[in-house]
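All residue numbers for the sequence shown refer to the UniProt record's numbering, where the first residue is 1 and numbers rise by one.
Every residue, glycine too, gets a C-beta built ideally from N, C-alpha and C.
Note that the structure is a prediction, hence the values are computed from the model and not measured.
Quick notes on the structure that follows.
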Amino acid sequence: MSETQPGPRVIAYQGEPGANSHMACDAAYPGWEALACPSFEDALEAVVSGRAELGMIPIENSANGRVADIHHLLPSAKLHIVGEFFMPIHHQLMAVKGATLDTIRSAQSHVQALGQCRATLRKLGLTPLIGADTAGSAREIRDAGDVSRAAIASELAAKEYGLEILARDIEDFPNNTTRFVVLSAKKAWAPANRGLTVTTFVFKVRNIPAALYKALGGFATNGVNMTKLESYQLDGAFVATQFYADVEGHPKDPGLKRALDELRFFSSEFAILGVYPAHAFRVSARALEAQAAMQSRP
1 MSETQPGPRV IAYQGEPGAN SHMACDAAYP GWEALACPSF EDALEAVVSG RAELGMIPIE
61 NSANGRVADI HHLLPSAKLH IVGEFFMPIH HQLMAVKGAT LDTIRSAQSH VQALGQCRAT
121 LRKLGLTPLI GADTAGSARE IRDAGDVSRA AIASELAAKE YGLEILARDI EDFPNNTTRF
181 VVLSAKKAWA PANRGLTVTT FVFKVRNIPA ALYKALGGFA TNGVNMTKLE SYQLDGAFVA
241 TQFYADVEGH PKDPGLKRAL DELRFFSSEF AILGVYPAHA FRVSARALEA QAAMQSRP
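Here it is, written out as structure tokens:
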């Protein structure tokens, strides 16, 4: 009697086949099954429920900033960040066969993709239309069969839905890059002293004067590099502000440990979302910055 072979490991993403998040899954986890989900909430729920072992979620873009809603969803999802992945993003302008740059009047895509191609769309005189995601917009354009409508999506999406690429690499900046975080239902901190590590956490400061200034002072005095700090409102109220932060280092590092202890003292709520190895993109960027700093010295 033959044993049942286990199926492929599953990683969830938001979007349809051919989306940039789908490409990120394939690039970071080759051989895994990429599970398409209609929304970010659905992708997170797939991980929570066990239908997927991991989730690949875009969190910010070098040209267009943070991805909306993600910072709200991560703390409430009760998932753990176990990795990060940086992927260069190249957008293609595509339409049905017979369409040309002269016939199209609009371009549909995810709001992030539209923002990353803002200058190009203005130059081409195209009206941006927000779609659920890049690949889903490509599918809708295929189904519509209208030569006046175009989509902005990946080359993989063009092949997936049989569309012709009218203009290649239309992103406004050649270094256009999206950072993804990898989520798991299981807590798995990276070991200490194993190379550059990123710690992500959320906090709410106590209602006292200069609380935020005092809470963050420990990072400066202990030489901790904070690479991201963002605030957002909770429960639709201006008085309930939560902060999301990324720092380089491990909570067991003496400097970061002291900084986090000081932060906790001035915070009413604090939670670490993940401690994970820095992606090679971050490591190389840090090395280039250090090299430039050395060369600029007299």
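The criterion of a C-beta distance shorter than 8 Å is not satisfied by residue 158 and residue 87.
Excluding its 5 nearest sequence neighbours in each direction, residue 160 has C-beta neighbours in its own chain below 6 Å: 17, 18, listed in chain order.
If you draw a straight line from the Cα of residue 126 to the Cα of residue 216, it is about 44 Å long.
Taking 8 Å as the cut-off, the Cβ atoms of residue 34 and residue 11 count as close. Judged by pairs of C-beta atoms under 8 Å, the region 181-198 does not touch the region 165-172, as fewer than three such pairs exist. The three-state secondary structure of residue 196, taken from DSSP, is coil. Around the CB of residue 268, fewer than 16 other CB atoms lie within 10 Å, so the residue is classed as exposed. Spanning the alpha carbons of residue 178 and residue 43 requires a straight line of approximately 18 Å. For residue 120, the enclosing alpha helix (DSSP H) has its first and last residue at 118-124. For residue 182, the secondary structure class from DSSP, reduced to helix, strand or coil, is strand. Relative to residue 183, the option among 45, 7, 270 whose CA is nearest is 45.
Here the region 241-255 makes contact with the region 201-216; the two share three or more CB pairs at distances below 8 Å. Selection 61, 9, 40, 36 evaluated against residue 30 yields 9 as nearest (Cα-Cα). Note on geometry: alpha-carbon atoms of residue 203 and residue 270 lie some 4 Å from one another. Apart from sequence neighbours up to five positions away, the residues of its chain that approach residue 114 with a beta-carbon distance below 6 Å are 128, ordered along the chain. A straight-line Cα-Cα distance of about 37 Å links residue 108 and residue 272. Where residue 161 is concerned, the enclosing alpha helix (DSSP H) starts and stops at 155-161. In this chain, the beta strand (DSSP E) harbouring residue 271 covers 267-277. Counted as a single uninterrupted DSSP element, the stretch harbouring residue 128 is not any alpha helix (DSSP H) but the beta strand (DSSP E) occupying residues 127-130.
A straight line joining the alpha-carbon of residue 15 with that of residue 164 spans about 21 Å. Residue pairing from DSSP places residue 247 in a beta bridge opposite 199, 226. For residue 40, same chain residues with a beta-carbon under 7 Å away, outside a window of 5 residues either side, are 14, 57, 69, 70, 73 in chain order. Annotation for residue 54: no alpha helix (DSSP H) segment contains it, though the beta strand (DSSP E) segment containing it runs 54-61.
Taking a contact as a CB-CB distance under 8 Å, the pair residue 150 and residue 116 does not count as one, their CB atoms being some 15 Å apart. Looking at the DSSP output, residue 13 shares a beta bridge with 36, 56. The beta carbons of residue 130 and residue 20 sit about 16 Å from each other, so the pair does not count as a contact at 8 Å. As DSSP reads the structure, residue 205 sits in a beta bridge with 267. Of all alpha-carbon atoms in 79, 122, 225, 85, the one lying nearest the alpha-carbon of residue 277 is that of 85. 8 Å or more divides the Cβ of residue 274 from the Cβ of residue 48.
Pairing residue 92 with residue 153 gives a Cβ-Cβ distance under 8 Å. In the three-state DSSP reduction, residue 231 falls in the strand class (E or B).
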